[in-house]
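> Can you read through this structure? Questions will come right after.
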Amino acid sequence: MTLLEIRNLTVSFDTSRGPFRAVDGIDLHVDRSEVLAIVGESGSGKSVGMLAVMGLLPPTATVTADRMAFDGLDLQTITPKQRRRIVGRDIAMIFQEPIASLNPCFTIGFQIGEVLRQHAGLGGRASRARTVELLEAVGLNDAQKRLGAFPHQLSGGQCQRVMIAMAIACNPRLLIADEPTTALDVTIQKQILDLLMRLQAEHGMGLIMITHDMGVVAETADRVVVQYKGRKMEEADVLSLFETPKNPYTRALLSALPENAAGDRLPTVGSFLDGPAGGVS
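If you want it as structure tokens, here you go:
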């Protein structure tokens with residue numbers, strides 16, 4: 025059953041040179057218990073599209089879609105109160121820059137506890153115990169002592185773990201992970217990915233993995249959407265995408281992987297992509 029459905033999503037920003045279209049007619053869907061990877065280089069509109077779903081784009085953005093629905097609920101017509109009830113509880117997002125996303129004026133214990141108070145009705149000892157449990161689940165050492173820490177007292181990787189703990193606090197039905205392993209070393213990256221996949225399997229939640237790492241795609245995804253310049257180039261199940269990519273841009277991405285390099289120098293995405301973006305293959 026479809027959990028998130030998007031048809032013809034377009035996001036534009038006003039600039040000094042006129043409107044800039046960051047997302048151009050994207051269609052995608054995520055089913056319950058499915059992992060969808062959205063892959064593409066920086067600037068391809070991956071994050072912007074999902075921020076539109078969350079309702080977190082600035083007023084300068086113009087968002088249009090033929091349909092943008094979560095579990096049948098129209099995200100374009102819901103009231104601010106309805107959105108506040110859904111975002112953080114039913115739909116959660118792990119942001120790419122955790123230090124910028126956390127409030128520097130409040131402790132991490134308070135910030136995770138706020139999610140639990142607002143969406144789970146937990147307070148006092150119950151909230152504190154759940155917060156410690158979440159921090160331990162994402163592998164943050166000395167979780168009890170970290171409750172009183174401020175974001176600037178933690179490393180980038182530790183702040184990323186805090187963001188993941190906040191996102192999974194209410195066992196959301198849809199989790200959007202925007203480069204969730206940024207700033208983490210290779211060993212911790214594996215632990216975080218394993219954690220996300222375990223939580224996804226245990227709770228049957230839909231998971232959108234935004235990434236430029238094809239290794240993460242191969243390890244986690246059921247289905248893949250490839251984006252370039254705001255447009256969808258290709259959509260396929262993960263096995264088909266790696267074995268028989270149809271779009272030239274997808275083939276260029278895969279050929280740039282180190283294991284596919286023919287010589288000492290890695291191939292680059294060629295100039296044939298400098299023209300019109302093309303379309304879905």
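When the count follows my numbering, it moves up by one through the sequence shown with no breaks and lands on 305 for the last residue. Note that CB positions come from ideal geometry on N, CA and C, so glycine has one too. Keep in mind that this is a model prediction, so the values were computed, not measured.
Find the nearest neighbour of residue 247 within the set 59, 160 and 202, judged by alpha-carbon distance.
Ranking 59, 160 and 202 by Cα distance to residue 247 puts 59 first.
> Starting from residue 259, follow the beta strand (DSSP E) in both directions and report where the run begins and ends.
Here the beta strand (DSSP E) through residue 259 covers 255–261.
> Pull up the CB-CB distance for residue 232 and residue 54, whole angstroms please, since I reckon it's below 8 Å.
With 8 Å as the limit, residue 232 and residue 54 qualify as a contact, their Cβ atoms being about 6 Å apart.
> Whose CA, out of 119, 50, 38 and 75, lies closest to the CA of residue 84?
Of the candidates 119, 50, 38 and 75, the one whose C-alpha sits nearest the C-alpha of residue 84 is 38.
> Starting from residue 248 and walking both ways along the beta strand (DSSP E), at which residues does that stretch end?
Residue 248 -> beta strand (DSSP E) spans 247–252.
> Among 116, 155 and 133, which one has its Cα closest to the Cα of residue 224?
Cα-wise, what sits closest to residue 224 is 116.
> Does residue 263 pass the burial test, meaning 16 or more other C-beta atoms within 10 Å, or should it be called exposed?
So residue 263 ends up on the exposed side.
> By alpha-carbon positions, which one of 187, 61 and 25 ends up nearest to residue 96?
Closest option to residue 96, Cα to Cα, is 25.
> Which of helix, strand or coil does DSSP assign to residue 36?
Strand at residue 36.
> Return the chain-ordered list of same chain residues with a C-beta closer than 6 Å to the C-beta of residue 79, the five sequence neighbours on each side being excluded.
So the qualifying residues of the chain are 107.
> Given a threshold of 16 other Cβ atoms within 10 Å of its Cβ, counted over all protein chains shown, does residue 269 qualify as buried or as exposed?
Buried, since its Cβ has 16 or more Cβ neighbours within 10 Å.
> Once you ignore the five residues that flank residue 261 on each side, which residues in its own chain have a CB closer than 6 Å to its CB?
Closer than 6 Å at Cβ, skipping near neighbours: 247.
> Going residue by residue through the region 100–186, where are the continuous beta strand (DSSP E) segments of at least 3 residues, counting only ones entirely within it?
Runs found: 115–118.
> Okay, do the region 115–130 and the region 168–179 touch, 3+ Cβ pairs below 8 Å being the bar?
With a cut-off of 8 Å, the region 168–179 and the region 115–130 count as touching, because enough Cβ pairs lie within range.
> On the CB-based measure, 16 or more other CB atoms within 10 Å of its CB, does residue 82 come out buried or exposed?
With fewer than 16 Cβ atoms within 10 Å of its Cβ, residue 82 is classed as exposed.
> Leaving out the 5 sequence neighbours to the left and right, which residues in its chain are closer than 6 Å to residue 30 when beta-carbon positions are compared?
Cβ neighbours of residue 30 beyond the five flanking positions: 52 and 92.
> The beta strand (DSSP E) that contains residue 86, what's its start and end?
Its beta strand (DSSP E) spans residues 85–88.
> In angstroms with no decimal places, state the Cα-to-Cα distance between residue 32 and residue 90.
Residue 32 and residue 90: Cα-Cα distance of roughly 6 Å.
> From residue 42 to residue 35, what does the alpha carbon distance come to, in whole angstroms?
Spanning the two alpha carbons is a distance of roughly 14 Å.
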